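For what it's worth, our numbering labels the leading residue of the sequence shown as 1, then goes sequentially. Written out below as structure tokens is the structure these notes cover.
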Amino acid sequence: MKIYIVHENGGEYEDEWDNILGAFTTLEKAQELKDRKEKENDEYSEKVELACRVQNEEITLEQSGLSEEEYESYCECDFDDYVNYYITQITLDKESREESVNLNGAS
């Protein structure tokens with residue numbers, strides 16, 4: 001049996017982090033989650049960039065298309081440019097599962 005794990009990774013060097021977002025038995029479902037999270041991150045990044053441009057007086061709030069509440073919210077965000085999404089695969093076979101059960105039962 002194959003398990004596909006979707007990860008979210010960000011930061012740099014000692015600040016690097018990695019979260020598991022989900023585990024699936026089909027690659028298609030894992031890919032759907034990965035694609036959705038990438039799209040959400042892209043949309044979020046665009047709004048943070050717009051808020052920064054308003055803050056730096058490069059554009060007006062009206063030109064940004066953000067509401068006052070959105071602007072304030074995105075200005076306060078701790079934005080991580082280095083977010084990455086990826087999928088790993090693990091394979092479980094009958095022996096591995098039995099071995100795992102035996103190890104858990106022995107402790």
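Glycine included, every Cβ here is placed at the ideal spot set by N, Cα and C. Every value quoted in this text rests on a predicted model; they were computed, and no experiment measured them.
Compute the Euclidean distance between the alpha carbons of residue i and residue j, then round it to the nearest angstrom.
i    : j   : result
E98  : L92 : Bear in mind that a pLDDT of 48 at E98, under 50, signals an unreliable position, so the number given afterwards is only what the model happens to contain. So the two alpha carbons sit approximately 10 Å from each other.
E76  : K34 : 26 Å
G105 : R36 : Because G105 carries a pLDDT of 42, less than 50, the predicted location of this residue cannot be relied on, and the following value inherits that uncertainty. When rounded, the distance between both Cα atoms is 39 Å.
K39  : E16 : 21 Å
N84  : E69 : 28 Å
D18  : Y4  : 16 Å
Can you name the start and end residues of the beta strand (DSSP E) that residue i belongs to?
i   : result
Y86 : 84 to 91
Y4  : 2 to 10
Ends of the alpha helix (DSSP H) at residue i?
i   : result
D15 : Note, D15: premise wrong, no alpha helix (DSSP H); not H, not E.
Pull up the DSSP beta-bridge partners for residue i, would you.
i   : result
A30 : In DSSP, A30 forms no bridge with anything.
Quick test of your reading: residue i and residue j, contact by CB under 8 Å. State the CB separation rounded to the nearest angstrom.
i   : j   : result
Y82 : G10 : 5 Å
Worksheet item: Is it true that the stretch 41 to 61 meets the stretch 19 to 30, where meeting means three or more beta-carbon pairs spaced less than 8 Å apart?
Response: No, the stretch 41 to 61 is not in contact with the stretch 19 to 30.
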